[in-house]
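Participant: Using this note's numbering, the letters of the sequence shown map in sequence onto residues 58 to 294.
No residue lacks a Cβ here, since even glycine has one placed at the ideal position from N, Cα and C.
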Amino acid sequence: MPHPPRDDSLLASADQGLPSGFQPANLPIPALAPESVLLGRAAPAIDNEEPLARIEDAGIPALHSYAEAGWRHAVDQQWLRSGVLTRLRQAALTLPPGFGLAVFDGWRPLTLQRELFEAVGPNFDPDAEDPVAPPSEDPAEPPPHLTGGAVDLTLTWQATPLTLGTAFDDFTSAAATTAFENSAGPVRTLRRLLYHALRRQGFVALAEEWWHFEFGTRLWSVLTGRPARYGPSAPPH
């Protein structure tokens with residue numbers, strides 16, 4: 058299922074499909090701290106050995122975005138920690154009729170993390186964020202997607218994935234989770250819907266990417282005050 062370009066008529070249709078006064082779509086997204094600031098305070102991850110589970114087995118579509126784009130080290134199955142997937146399924150069930158979730162990317166092998174990092178290039182501006190996490194091999198500081206606790210996703214409307222203001226992996230200022238908070242319209246409404254659906258299931262959001270949420274990771278640990286529970290992981294053989 059390829060991810061379509063932005064379709065303003067589809068966004069408007071989804072916006073109009075929301076029940077009148079549906080609260081999660083009307084609640085503002087609060088200001089979010091940059092990832093680098095938060096991770097500077099993060100404790101090492103200690104893995105709890107929770108297994109990975111296939112995303113599609115939970116009835117949530119996987120878009121296989123990196124495989125579709127031809128990345129060499131993309132995987133042909135999409136995975137998340139079983140506890141993360143349970144929360145994701147619950148988030149989908151809380152959405153209004155006609156809405157769902159679709160996943161761009163979940164667990165990511167270190168080989169793909171390195172490929173993405175080298176392609177995008179590290180950001181050498183000390184005041185800016187690197188768009189892709191470094192491919193750290195330190196088990197105490199793993200890239201979030203390697204843990205199986207990070208998920209990139211979007212809403213669907215009538216089973217069609219929505220482009221909420223920018224495409225996936227569009228590393229511009231418009232991709233920031235709060236970029237549309239001062240611009241009334243479908244993008245703001247639908248980003249709020251996605252954000253609050255995930256937050257209510259315990260996920261935390263990444264400031265720089267509207268599509269990226271985490272549970273059980275080092276970022277989650279800093280924002281919740283609870284120990285990180287996921288270190289590096291791998292799918293079952």
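(1) Rounded to whole angstroms, how far is the Cβ of L67 from the Cβ of W214, which I believe are closer than 8 Å?
(2) Among the candidates A124, E198, T168, whose CA atom is the shortest distance from the CA of D162?
(3) Quick check: the Cα distance between L158 and Q80, rounded to an integer number of angstroms?
(4) For the beta strand (DSSP E) containing H202, list its first residue and its last residue.
(5) When the distance is taken between beta carbons, is L95 closer than 8 Å to H130?
(6) Starting from H1, trace the alpha helix (DSSP H) in both directions and tell me its first and last residue.
(7) How many Å lie between E106 and P201 at the Cα?
(8) Please report how far the alpha carbon of I112 lies from the alpha carbon of G259, in whole angstroms.
(9) To test your reading of the DSSP string, which unbroken alpha helix (DSSP H) runs of 4 or more residues are found completely within the stretch 124 to 210?
(10) Do the stretch 237 to 247 and the stretch 203 to 210 make contact, defined as three or more Cβ pairs closer than 8 Å?
(11) Can you tell which of Q147, I103, E266 has the C-alpha that lies nearest to the C-alpha of F228?
(12) Going by C-alpha to C-alpha distance, which of P284, G116, L250 sits closest to T143?
(13) Out of P292, D65, Y287, point me to the one whose CA is closest to D104's CA.
(14) In chain order, what residues of the same chain have a beta carbon less than 8 Å from the beta carbon of L203, not counting five sequence neighbours either side?
(15) How big is the Cα-Cα spacing for L251 and T234?
(16) Buried or exposed: T220, going by 16 or more other Cβ atoms within 10 Å of its Cβ?
(17) Could you have a look at L109 and say whether DSSP puts it in helix, strand or coil?
(18) Taking the CB atoms as reference points, tell me whether A82 and L89 lie closer together than 8 Å.
(19) Taking the straight line between their C-alpha atoms, what separation do you get for E194 and D72?
(20) From A232, S70, A100, P108, pick the residue whose C-alpha is nearest to that of T274; which is it?
(21) In chain order, what residues of the same chain have a beta carbon less than 7 Å from the beta carbon of G155, not counting five sequence neighbours either side?
(22) Does T246 get closer than 8 Å to chain C when you measure Cβ to Cβ?
(23) Excluding sequence positions up to five away, which residues of its chain have a Cβ less than 7 Å from the Cβ of W136?
Facilitator: This is what the structure gives:
(1) 7 Å
(2) A124
(3) 18 Å
(4) Run containing H202: none; DSSP gives neither H nor E here.
(5) no
(6) What the structure shows of the chain is the stretch from 58 to 294, and residue 1 is not part of that stretch, so it cannot be assessed.
(7) 15 Å
(8) 18 Å
(9) 139 to 150, 167 to 177
(10) no
(11) E266
(12) G116
(13) Y287
(14) W164, R165, P166, L167, Q170, P289, S290
(15) 10 Å
(16) buried
(17) strand
(18) no
(19) 43 Å
(20) A100
(21) G74, W214, Q215
(22) Absent from the structure is chain C; it holds one protein chain and no more.
(23) L109, A110, R111, I112, G163, W164, G205, P292
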